[in-house]
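*Asks:* Residue numbers (this note's numbering), protein chains in the order written: chain A, 1 to 145; chain B, 1001 to 1096.
1) Leaving out five residues before and five after residue 3/A in sequence, what residues of the same chain have Cβ atoms less than 6 Å from its Cβ?
2) Under 9 Å, CB to CB, which of the residues in the segment 63 to 88 of chain A have a partner in chain B?
3) Excluding the 5 residues flanking residue 72/A on each side, which residues of the same chain have their C-beta closer than 8 Å to its C-beta?
4) Less than 8 Å between the beta carbons of residue 1003/B and residue 44/A, yes or no?
5) Pull up the distance between the alpha-carbon of residue 1034/B and that of residue 1065/B, whole angstroms please.
6) For residue 11/A, count the other beta carbons within 10 Å of its own beta carbon; 16 or more makes it buried, fewer makes it exposed. Which is it?
7) Closer than 8 Å by beta-carbon distance: list the chain B residues that pair up with residue 34/A, in chain order.
8) Helix, strand or coil for residue 122/A per DSSP?
9) Are the CB atoms of residue 107/A and residue 89/A nearer to each other than 8 Å?
10) Near residue 6/A, which residues of its chain fall below 6 Å by C-beta distance, leaving aside the five closest residues on each side in sequence?
11) Report the neighbours of residue 41/A on chain B: residues whose CB is nearer than 7 Å to its CB, in chain order.
12) Taking the continuous alpha helix (DSSP H) assigned at residue 1018/B, which residues delimit it?
13) Which residues in chain B sit within 8 Å of residue 158/A, going by Cβ to Cβ distance?
14) On the DSSP letters alone, give me the boundaries of the beta strand (DSSP E) that residue 76/A sits inside.
15) Using a C-beta cutoff of 8 Å, does residue 48/A count as contacting chain B?
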């Protein structure tokens, strides 16, 4: 099964290149268009968190690895910033009250889009892992259900 | 619309408000996906237009963008319609 590794900086200017590499990787396999959009959102959110929390807004390096298995995409983001466990944050779901503060909206999206989110830290390296199930191309889009 | 492109949306709202816009139709047909940075930009735009007692209607959301609005709960805040014509009708009628 094909895999993909992207090493990049947390600078916003590097984001289009990351998305471009993801698109090229996904083009090598027969996956649903919705999965591609979901993957972009998940990686954008996790990369933003690395920039904001692991590196405190300072430029840093992180690595994205994507591996396809028969049924899933397995995604890992690694960084050498300070310890930050995205699974431990408490998200505040949005309601009709627009004046209510919104907390960790990005993590809320990742948790609701992905089929699994985990975190570990080894030798000063944060590893955030996500699993996303691959729908068959002719399946009904999840968002339309 | 990701963390690198969200500034474009912020600027578009800023420009519209400085031009005195009170009715905003946002055609999302060319947005392939949207992350939380994009949602926050929309929320700020929505709060601003509410303050001015104006209206904002979103139309032509792709299934992926629509999914993110639903998962985040933003579909409970925004007026979302299928197409441009529906959006124009909403804005003309000024219905809530």
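Beta carbons are placed, not taken as given, at the ideal position from N, Cα and C, and that holds for glycine. Quantities reported herein were computed from a predicted structural model and do not represent experimental measurements.
*Replies:* In short, the structure shows the following:
1) Here residue 3/A refers to the residue found at position 3 of the first chain. 67.
2) Of all residues in the segment 63 to 88 of chain A, none has a C-beta nearer than 9 Å to a C-beta of chain B.
3) Counted from its first residue, the first chain places residue 72/A at position 72. Excluding positions up to five away in sequence, the list reads 115, 131, 132, 133 and 134.
4) Numbered from its first residue, the second chain carries residue 1003/B at position 3. Numbered from its first residue, the first chain carries residue 44/A at position 44. Taking 8 Å as the Cβ cut-off, residue 1003/B and residue 44/A qualify as a contacting pair.
5) Taking the second chain and counting its residues from 1, one reaches residue 1034/B at position 34. Taking the second chain and counting its residues from 1, one reaches residue 1065/B at position 65. The straight-line gap from Cα to Cα measures roughly 6 Å.
6) Within the first chain, the letter at position 11 stands for residue 11/A. Burial is judged here by how many other beta carbons sit within 10 angstroms of a residue's own beta carbon; residue 11/A has fewer than 16 and is exposed.
7) Counting from one through the first chain, the residue named residue 34/A turns up at place 34. Per Cβ cutoff of 8 Å: 1063, 1064 and 1067.
8) As a first step, residue 122/A must be located in the first chain, where it is residue number 122. In this structure, residue 122/A counts as strand in the three-state DSSP scheme.
9) The residue labelled residue 107/A in the question sits at position 107 within the first chain. The residue labelled residue 89/A in the question sits at position 89 within the first chain. For residue 107/A and residue 89/A, yes; Cβs fall inside 8 Å.
10) Translated into the one-based positions of the first chain, residue 6/A becomes position 6. Sequence-distant Cβ neighbours of residue 6/A in its own chain, meaning closer than 6 Å and more than five residues away, are 18, 21 and 64.
11) Start at 1 with the first residue of the first chain, and residue 41/A comes out as number 41. Neighbours of residue 41/A on chain B, chain order: 1033, 1035 and 1068.
12) Taking the first residue of the second chain as 1, we reach residue 1018/B at position 18. Following the DSSP letters along the chain, one finds residue 1018/B inside the alpha helix (DSSP H) bounded by residues 1006 to 1018.
13) With chain A running from 1 to 145 in the structure shown, residue 158/A is simply not present.
14) Against the first chain, residue 76/A aligns to sequence position 76. Where residue 76/A is concerned, the enclosing beta strand (DSSP E) stretches over 72 to 79.
15) Indexing the first chain from 1 puts residue 48/A at position 48. Yes, its Cβ sits closer than 8 Å to a Cβ of chain B.
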